[in-house]
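Protein chains: 2
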Amino acid sequence: MATPTLLPLSDVSAEECCSLAAAPIEPAQAARSAAMFKALADPMRLRVLSHVAAQGCDAVCACDLTEGLGISQPTISHHLKKLVEAGLLTREQRGRWAHYTVVPEAFAQLRGLLEIG
Amino acid sequence: MATPTLLPLSDVSAEECCSLAAAPIEPAQAARSAAMFKALADPMRLRVLSHVAAQGCDAVCACDLTEGLGISQPTISHHLKKLVEAGLLTREQRGRWAHYTVVPEAFAQLRGLLEIG
DNA sequence: GGGACAGATTGATCATCGTCAATGTATGGT
DNA sequence: ACCATACATTGACGATGATCAATCTGTCCC
Chain Z
65 MATPTLLPLS
75 DVSAEECCSL
85 AAAPIEPAQA
95 ARSAAMFKAL
105 ADPMRLRVLS
115 HVAAQGCDAV
125 CACDLTEGLG
135 ISQPTISHHL
145 KKLVEAGLLT
155 REQRGRWAHY
165 TVVPEAFAQL
175 RGLLEIG
Chain G
65 MATPTLLPLS
75 DVSAEECCSL
85 AAAPIEPAQA
95 ARSAAMFKAL
105 ADPMRLRVLS
115 HVAAQGCDAV
125 CACDLTEGLG
135 ISQPTISHHL
145 KKLVEAGLLT
155 REQRGRWAHY
165 TVVPEAFAQL
175 RGLLEIG
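From first to last, the protein sequence lines stand for chains Z and G. The numbering of the first sequence is the working numbering, which starts it at 65 and goes up by one. The numbering of the second sequence is the working numbering, which starts it at 65 and goes up by one.
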């Protein structure tokens, strides 16, 4: 259990660091980048993510999100899972509580892609 | 609440300049931002966009995209329309040809949202 | 005007997604 | 052992989206 669902993100630093404007993007990288953008492409998920990001380096308990967003607990759980799968958040279990933290490298990578103009 | 004002369609610079981490995002802005990310959330659309962005400030003719991407002309047209609607590209008709150019301000805005960590 | 061309639109199909109620799984407290 | 809590998973449903073939709309040239 608790086999780290921490999928790669392996070498973010060495990974394609370049903008969409540098050259026509490769299909494989397009698929990976689109998957990350897809995680950001839902209003409620952006709000969930923003609540976590607003806590800075601190981890945020899922129980703090179930209130004030106006959606059910399973839906929040669903969104958090998507964000973790996309590599934007990490999950850490502490007793009964699940704590989430942003992954700064992922955001840096996306910012790099959007360096245009 | 912060500003219940109507959003200015033209004033990108004065628009919400802040990251997701600055504060929990407002539902209205979450919807607008998610719409832009949604335009980026498809691999083929990222490739189309990248082809345009790779031309820098020059406009790119749609006819240059129909070859080399492996999808039909209507699908390319569909993706270009989505990118224009999202504000990431502008369209300019020149005779029989449609030319597309990136909108740097849109990308700057998205980079601002992703300033995390 | 008539034909050729660029590209947008339509309609259909198949897949994916957001959401919820209900249920399941683990953990902590007594 | 038992129950309450925190969260994940399942299954269902309605909505959205990507793609294509066929068709339509406009523009250029003779």
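No residue lacks a Cβ here, since even glycine has one placed at the ideal position from N, Cα and C. For clarity, every value in this text was computed on a predicted model and none was experimentally measured.
In the structure shown, L129(G) falls within a coil segment according to DSSP collapsed to helix, strand and coil. Under the 10 Å beta carbon count, D106(G) is surrounded by 16 or more other beta carbons and is classified as buried. Using a Cβ-Cβ cut-off of 7 angstroms, A150(G) is close to nothing in chain Z; its nearest Cβ partner there is about 11 angstroms away.
At least one C-beta of chain Z is nearer than 8 angstroms to the C-beta of H115(G).
Burial check for R158(G): the Cβ neighbour count within 10 Å stays below 16, so the residue is exposed.
Closer than 8 angstroms to the CB of L110(G) there is at least one CB belonging to chain Z.
Within the DSSP secondary-structure output, R175(G) pairs in no beta bridge. Apart from the 5 residues on each side of it in sequence, C127(G) sits with its Cβ closer than 7 angstroms to the Cβ of W161 in its chain, given in chain order. Against chain Z, a Cβ distance below 7 angstroms from R160(G) picks out nothing, because the smallest value is about 24 angstroms. Counting every other CB atom within 10 Å of its CB across the protein chains shown gives P88(G) a total of 16 or more, marking it as buried. Closer than 8 angstroms to the CB of L144(G) there is not a single CB belonging to chain Z.
Between L153(G) and T165(G), the C-beta spacing is below 8 angstroms.
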